[in-house]
Each structure stands twice: as structure tokens, then as C-alpha cells.
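From first to last, the protein sequence lines are chains A and B.
All the letters of the first sequence, read from the start, carry residue numbers 1 to 345 under UniProt numbering.
All the letters of the second sequence, read from the start, carry residue numbers 1 to 345 under UniProt numbering.
Glycine included, C-beta positions come from ideal geometry on N, C-alpha and C.
What follows is a single structure, written as C-alpha cells, with notes after it.
Number of protein chains: 2
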Amino acid sequence: MATMHDVARLAQVSVSTVSYVLTGARPISQATRAKVLTAMAELDYQPNAMARGLASRRSRILGLLLPMDERGLGATETAFVTGAAAAASAVGYHLVLSPVGGGGDLDGLRRLASQRMFDGVVLMEVQLADERVTALQQAGVPLVLIGRTGDTDGLSYVDIDFAQTVREAVAHLVGLGHRQIVYVNHSAETLASGYGPALRTRDAFVTAMTGHGLEPVMIPAQDSAAGGRAALAAAFARTPDLTAVLAMNETAVFGILGELTARGLAVPDDVSVVSMVTSPQVAELATPALTTMTSPGSAMGRIAIEALVRHLDGAGDERHQQLLPCALEIRGSTAAPRSRHTDGG
Amino acid sequence: MATMHDVARLAQVSVSTVSYVLTGARPISQATRAKVLTAMAELDYQPNAMARGLASRRSRILGLLLPMDERGLGATETAFVTGAAAAASAVGYHLVLSPVGGGGDLDGLRRLASQRMFDGVVLMEVQLADERVTALQQAGVPLVLIGRTGDTDGLSYVDIDFAQTVREAVAHLVGLGHRQIVYVNHSAETLASGYGPALRTRDAFVTAMTGHGLEPVMIPAQDSAAGGRAALAAAFARTPDLTAVLAMNETAVFGILGELTARGLAVPDDVSVVSMVTSPQVAELATPALTTMTSPGSAMGRIAIEALVRHLDGAGDERHQQLLPCALEIRGSTAAPRSRHTDGG
DNA sequence: CCGCTTCGTCGAACCGCTTCGACGACTACC
DNA sequence: GGTAGTCGTCGAAGCGGTTCGACGAAGCGG
């Protein structure tokens with residue numbers, strides 16, 4: 001491995017000159033620059049990342065903190081992670097995937113932050129009240145959240161615009177003529193734990209339905225196919241003439257579809273289904289393919305990283321707060337309701 | 001941020017003594033150790049990762065090189081990545097997710113390797129003939145492959161035992177009484193490009209079927225639901241009385257299921273389906289849930305990292321070569337064939 | 001009681017880069 | 001033509017650790 005000294009010697013200049021050629025921190029004449037560049041090429045020189053990081057106090061490494069308690073990432077999260085990795089790589093940063101124990105491991109987090117390995121971090125799966133955020137802030141690490149806390153004062157975040165997403169989804173169904181729409185949310189425990197997406201979509205659903213003069217019927221469901229089945233059964237018990245299901249639960253939605261088929265109901269002729277915050281790949285797995293509110297997973301990853309890097313490179317300490325809506329993608333699982341009951345109620 | 005000097009001053013010892021307390025490279029008396037530890041606690045000292053990396057020439061960072069050309073990772077790859085991240089974190093290493101341009105970007109790879117940022121790397125999606133492997137070897141980076149090249153001499157790798165996996169899958173179907181089994185593989189282009197899993201399962205399928213005295217019928221399919229549909233149509237054209245499908249293509253298998261339903265055929269009563277190298281989460285999305293050869297994604301990630309770290313920490317330069325079979329998990333998509341043709345040919 | 005190890009600690013030399021102050025050589029302006 | 005800036009370059013001092021050689025104090029066999 002050639003070092004800067006080797007390059008300097010070969011080019012007959014000082015080390016600092018080599019450094020300035022590399023960083024552009026000071027002007028260098030064309031002639032000198034050429035000499036140095038030639039020497040670098042000849043020696044196949046690559047700057048040592050650790051040395052650079054130590055001297056400049058910038059590691060050019062970003063941390064992606066993800067909770068590891070869950071049983072694996074969903075398609076949306078995966079898209080987010082790869083989008084973030086690609087974006088980081090594109091701007092010359094490295095991205096460390098750092099699984100952190102869910103919640104309890106605050107000390108571990110602080111230790112991580114104090115090692116000065118990360119120039120900044122992206123924190124995933126933020127809860128409404130999240131002590132990790134304050135821990136990280138106190139450690140002085142530049143921070144971008146995915147999701148957001150209740151109080152976002154002085155914080156940078158990127159999140160899904162759940163209100164807008166739900167509004168559009170409901171508008172789509174109502175526009176098709178649906179009146180009996182049931183919302184299948186995450187489980188009651190998840191709601192109770194303060195999981196932002198579940199709470200925000202719940203509120204948004206109530207608002208949207210009420211706005212259309214309709215009754216907001218909501219059913220919780222476990223994150224599993226069985227949970228979806230059970231939820232659909234519960235939905236029919238409560239609203240026998242439902243014609244549409246809005247689901248917030250990638251896993252449960254397939255159970256819903258299965259249960260629908262088992263009951264001899266066709267999608268979309270008897271019941272329309274919209275799956276929210278869902279990736280196209282998953283949507284295509286169903287037959288018919290699911291109409292979804294497509295999650296901007298990869299874009300969110302990119303935007304989060306770009307915001308973080310902008311904050312690091314630029315001197316400004318502006319906060320980046322952005323909400324991204326999910327895009328309605330109409331596939332085969334939604335249609336006008338078959339006029340079973342023309343006007344009853 | 002307190003430094004080692006601060007700790008040394010407070011504990012009234014030299015910096016090197018503090019270092020020895022930390023690394024254990026030399027014996028330190030109980031009394032001194034206690035003084036140092038107390039000082040560290042008082043100052044809330046955390047060693048600087050960059051400085052340590054520079055001085056020790058060990059960054060404690062591992063690279064996970066994944067091709068970024070594809071449209072996102074599947075569930076199996078995701079499990080692999082998270083498994084690797086968890087394993088790295090457990091042994092005190094960091095894991096950098098490094099998307100590298102597929103194939104052509106050899107120079108970028110070399111540059112990456114020369115930066116000495118990674119103590120070692122895990123290379124995913126290895127092709128049968130993969131120049132990235134030699135590039136990395138020449139750069140002198142400790143390396144573990146996921147998948148394997150044609151010639152694995154002197155290389156460490158972890159891969160799926162495709163031969164064993166296919167043998168078990170076929171045995172399962174044959175054991176149920178199936179005789180007309182069609183194998184749906186990846187696309188012809190993928191085969192032609194030298195994609196190991198596709199080639200190895202192809203060969204294994206021929207061997208397994210021939211071993212049972214059966215004819216190995218194989219159909220390629222694009223990696224999409226539509227591809228699965230087309231493949232199934234082709235399969236029926238070629239083998240009208242097929243009773244079982246063995247699929248090597250997580251995406252296509254859902255198209256196959258859809259097409260089966262469209263043709264009025266029930267799973268598993270009319271046609272049994274086994275999906276290979278598939279995660280349980282995906283299996284549960286289908287109705288009925290798919291019988292799979294479950295991919296050991298997370299375990300592979302863990303094993304790869306552990307092998308790499310063992311190689312780094314231990315002095316030994318033994319190679320780690322390991323094949324992991326997929327486990328047969330019987331769910332609802334396989335059953336004995338309905339005796340449509342009792343014995344016909 | 002002497003010479004030899006072993007133990008515990010220190011000081012100093014790096015690791016390979018960035019960055020600051022200094023300085024000679026020009027250019028520019030009055 | 002003297003003074004004041006720029007420009008281009010150099011030397012040296014870090015950045016915060018690790019690690020090696022050295023050395024005094026014990027411990028030990030003869």
C-alpha cells in the first residue's frame with residue numbers, strides 16, 4: 001500500500017501538497033498537480049480511510065440504526081435500506097447497518113455514538129415517544145428520523161404522509177361507489193405501544209370517512225395471515241354488507257384475501273381491497289394484483305441520507321422535515337361495488 | 001469527548017498503561033487497573049474508533065458487497081443481510097452495506113478494497129465465473145463468498161446445498177405419489193449468464209428425477225408473476241397430465257398459483273406446488289400456504305460473518321467452505337395427487 | 001548474595017492523513 | 001519603487017490511539 005509520503009517523494013513535493021491536490025483545500029498549480037497525479041497513478045495510490053477520518057474528524061460513515069427485535073424487515077423497509085445505501089454510496093459515504101436492541105439499549109446507543117465512528121445517523125422505526133432520539137441528540141450526533149416523534153421541534157425527519165395517503169385511498173373507494181368501508185389496522189397492542197403509523201392512519205381514517213358522511217369502522221389485526229382472516233371475520237360480523245377493505249398491514253392483507261376466497265367472495269367484484277404502504281413487488285403477488293398506496297421506501301431512504309449529508313457538508317443547521325405520500329396505484333383488487341343492495345342501509 | 005490522555009492524567013498513569021488496560025495486550029496490576037477503570041467511568045470515556053483503527057490497522061468494519069442492479073432484495077436476501085448485521089454486531093464489528101455496480105465496476109471494487117476501510121468483506125450474488133473474486137483476492141482483502149464460483153480452490157464460501165435441497169423436494173413429491181413433476185427454473189437468460197443456483201438446481205433436478213426413473217421436465221420463467229403464468233401454460237402444453245410443480249423462483253410461483261386458479265385447478269388437490277429457497281413469510285402469503293424448501297437466509301448471514309471474523313481474529317488461514325440445505329417445510333400446497341389417471345402413460 | 005527472569009509501567013515512535021502558520025515570488029496599485 | 005495582497009508550497013504539529021524497547025522491582029535457583 002502506497003502512502004502519501006511515497007507519492008510526495010516520487011512527485012518531489014511535500015506531503016501537504018499532495019493532500020491539497022486531493023482535497024482542494026488550497027490552490028495548487030497545474031504543473032504540480034500533474035506531477036502529483038502522475039505519481040498517484042503510478043503507485044496506484046488510495047488514501048487510507050482511517051487516517052483520513054482521524055485527521056479530518058470526519059469518518060464519512062453514516063449509521064443506519066434499525067431495531068432488531070422484529071422478525072425481519074418487510075419489503076418497504078428493505079427498499080428503504082437499499083435506497084439509503086445507494087444514496088450514501090452515491091455521495092461518497094459508507095452506510096453501516098447497525099441493529100440496536102429495541103428501546104432498552106440506550107447505553108449501547110450512547111456508546112456507539114461516542115465512538116465517533118458515525119458522522120451522522122438515520123434512526124428507523126421511531127416511536128411517538130422515543131428516548132433514543134434524546135439520547136442521540138445529547139450525544140451530539142447529527143440525526144435524521146424515519147417516522148417522527150410526537151414533538152418534532154428541532155428535529156429532522158422523513159415520514160410517510162399518512163393523512164394524505166388515507167385520504168386518497170378512501171377517496172378512491174368512495175369514488176368507485178363504496179359506502180361500507182372497513183379499515184384493518186395493526187393490532188391493539190401495537191396501537192397501545194404508540195406506533196405512529198397505526199395511530200396516524202387511524203385518526204386519518206376517521207377524519208376521511210366522517211368527511212364523506214360515512215361511518216368509520218375499524219378492526220385491529222395481528223401481523224399475520226391468520227390475523228387477517230380473523231379481522232375479516234370480525235369485520236363481517238360487524239358490517240355484514242361491507243364492500244371494501246382498507247388494510248394497513250402487508251401480512252394481514254393476504255389472510256384477508258384468503259378468507260374472502262374461502263367465503264366465496266370475489267375480489268374485486270364482491271369486495272374491493274386496498275393495501276396501504278405496500279410495495280409493488282408484494283402487490284403483484286396477489287391474484288388479482290392489489291391496488292395499493294405504494295410506499296416510497298427507496299425514495300425515503302435516499303431523501304433521508306441526502307438530508308443528513310447536506311446537514312453535514314453544509315454549515316447550516318436547518319432542519320429537514322418532510323412528509324411523503326404513498327401513491328395510489330390501481331391494480332386489479334378494486335372496482336365499483338356490485339349492486340347487491342341498491343340503496344338499503 | 002475525553003481522550004486517553006485525559007484518562008491517563010486523571011488516573012496518574014501513562015497513556016500506554018491505559019491502552020493496556022483496554023486491550024489486555026500486557027499485564028496490569030489490579031490496583032492500577034482499578035484506578036484506570038475508575039477514571040474512565042468518571043470521564044465517560046469511549047475510545048475513538050478512527051484512532052484505534054489507524055493505529056492498530058484493524059478497522060473492525062466488515063463490508064457486505066451486494067449488487068445494486070436488481071430491483072430490490074428478496075425476502076431471502078433481506079434475511080441474509082439482517083442476519084449478517086446482527087452477527088457482526090454481536091462480535092463487535094460494524095457492517096457496511098456497500099452496493100457495487102454489477103460486474104463492470106471492478107475498478108471501483110479495487111479502490112474500495114485499497115482504502116483499507118474493511119477488515120474483510122462478504123461478497124453476495126457470486127457468479128460461476130466472477131472476476132470480482134479475483135480482484136478482491138489480489139487486493140488482499142479477506143473474503144467470504146455467498147454462493148460460489150466454479151473453482152473454489154483456496155476460497156471461503158457459504159452456499160445453499162442445492163443438490164440436497166432439490167433431492168429432498170423431489171423425494172417429498174415422489175413420496176406423495178407424483179410422477180409428472182415439472183421444474184420451473186429462472187429465465188433462459190439467467191441460466192445463460194452463469195447463475196449458479198439456476199444451473200445447480202437444474203443439474204440436481206435431472207439427477208433426482210432420473211434416479212427415480214422419471215423424466216425431468218424443465219421450463220424457464222421470467223422473474224415475475226406474468227413469467228410464472230407463462231411458464232405454467234408452457235408446462236401444461238408439454239406435460240398435460242402434470243400433477244406437481246417445483247418452483248425455483250419466489251416471484252414466479254405466485255403467477256403459477258394465479259394461473260392454476262384461473263384454469264380451475266385446485267392446490268393441492270389437482271396440482272401440488274413446492275417453492276424452493278423461499279422464506280416462511282413469503283410462504284404464508286399464499287392460500288393455501290406454500291410447502292417450501294425454506295432458505296436459511298439469516299443463518300447464512302451469520303455463518304458467513306462468523307467465518308470471516310474467525311479468519312481475521314485467529315491467525316489460521318483455513319478456508320471455510322460450507323453448504324447449507326434448505327429445510328423442507330410442509331404446508332398446504334402439497335398432497336397426494338388426485339387419481340385422475342390411475343396408471344396411464 | 002549474585003545474576004537471570006518475569007512483572008508492571010513508562011516514554012516515545014509511529015499509523016497516514018489534515019491543516020495551520022510561514023515564507024518566497026509575483027502581481028497590483030498608488 | 002515601496003507596500004500590500006494573492007498564489008503556491010513547505011514544514012511541522014496534531015488527530016487519538018497502539019506497540020515496542022527499556023527499566024526498576026521482585027522473585028528465584030544455586
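Interface residue (Cβ-Cβ distance to chain B less than 8 Å): A:R116 is classified as such. With three or more CB-CB distances shorter than 8 Å, the stretch 252-264 of chain A counts as touching the stretch 282-290 of chain B.
In this structure, B:L312 places its C-beta atom within 8 Å of the C-beta atom of B:D119. If you check each beta-carbon in the UniProt domain "HTH lacI-type" (2-56) of chain A against every beta-carbon of chain B, the ones closer than 8 Å belong to D44, Q46, P47, N48, A49, M50, A51, G53, L54. B:A41 and B:L10 have their C-alpha atoms spaced approximately 11 Å apart. Straight-line measurement puts the Cα of B:L246 at about 6 Å from the Cα of B:V273. When the five nearest sequence neighbours on each side are left out, the beta carbons in the same chain lying within less than 7 Å of the beta carbon of A:P99 are those of L66, M68, in order along the chain. B:I28 is not bridged by DSSP to any residue. 8 Å or more divides the Cβ of A:A8 from the Cβ of A:D44. Within chain B, no C-beta atom comes nearer than 8 Å to that of A:A247; the closest sits roughly 13 Å away. Segment contact: the stretch 127-138 of chain B against the stretch 129-141 of chain A, fewer than three CB-CB distances shorter than 8 Å; contact not assigned. For A:S114, same chain residues with a beta-carbon under 8 Å away, outside a window of 5 residues either side, are A139 in chain order.
Taking B:V277 as reference, the option from B:A55, B:V96, B:V174, B:M300 with the minimal CA-CA separation is B:M300. Residue environment analysis places A:P27 among the exposed positions, since fewer than 16 neighbouring C-beta atoms fall within 10 angstroms of its C-beta. For A:G72, the chain B residues whose C-beta falls within less than 7 Å of its own C-beta are T78, A79, T82, Q281, listed in chain order. Considering only B:T201, B:T292, B:R331, the residue with the shortest C-alpha distance to B:T76 is B:T292. Assignment of B:I219 by DSSP, reduced to helix, strand and coil, places it in the strand class. Exclusion of the five residues before and after B:G147 leaves V126, D159, G196 as the residues of its chain whose Cβ lies within less than 6 Å of its Cβ. Listed in chain order, the non-local C-beta contacts of A:A88 below 7 Å within the same chain comprise L62, H94, L95, I305, local neighbours out to five positions each way being set aside.
Per DSSP, A:Y183 is not a residue of any alpha helix (DSSP H); the beta strand (DSSP E) it occupies stretches across 181-185. Note on geometry: alpha-carbon atoms of B:V18 and B:H320 lie some 36 Å from one another. Here A:Y157 is not near A:V141, since their CB atoms are 8 Å or more apart. Under the criterion of beta carbons closer than 8 Å, B:N185 and B:A221 qualify as touching, at roughly 7 Å. According to DSSP, residue pairing for B:Y157 in a beta bridge involves B:L145, B:Q321.
Each residue's CA atom was taken as its position, placing B:M124 and B:A307 some 15 Å apart. For B:L112, the enclosing alpha helix (DSSP H) has its first and last residue at 106-114.
Judged by DSSP secondary structure, B:A139 falls outside any beta strand (DSSP E); it is assigned neither H nor E. At a cut-off of 8 Å, the C-beta of B:R111 has a neighbouring C-beta in chain A.
Contact between A:T78 and B:L73 is confirmed by a C-beta separation of about 5 Å, below the 8 Å threshold.
Among the bridge pairs identified by DSSP, A:I61 is matched with A:H94. Here B:A233 has E259 as same chain residues with Cβ atoms under 8 Å from its own Cβ, once five neighbours each way along the sequence are excluded.
Excluding residues up to 5 positions away in sequence, V15, V18, S19, Y45, P47 lie with their Cβ nearer than 8 Å to the Cβ of A:M4 in the same chain. Among the residues facing chain A, B:S98 is included, as its CB has a counterpart in that chain under 8 Å away. B:P280 is the residue among B:V91, B:Q12, B:S298, B:P280 whose C-alpha sits nearest the C-alpha of B:I330.
DSSP places B:L214 in no alpha helix (DSSP H); its state is neither H nor E. Counting only Cβ-Cβ distances below 8 Å, A:L257 has contacts in chain B at T287, in chain order.
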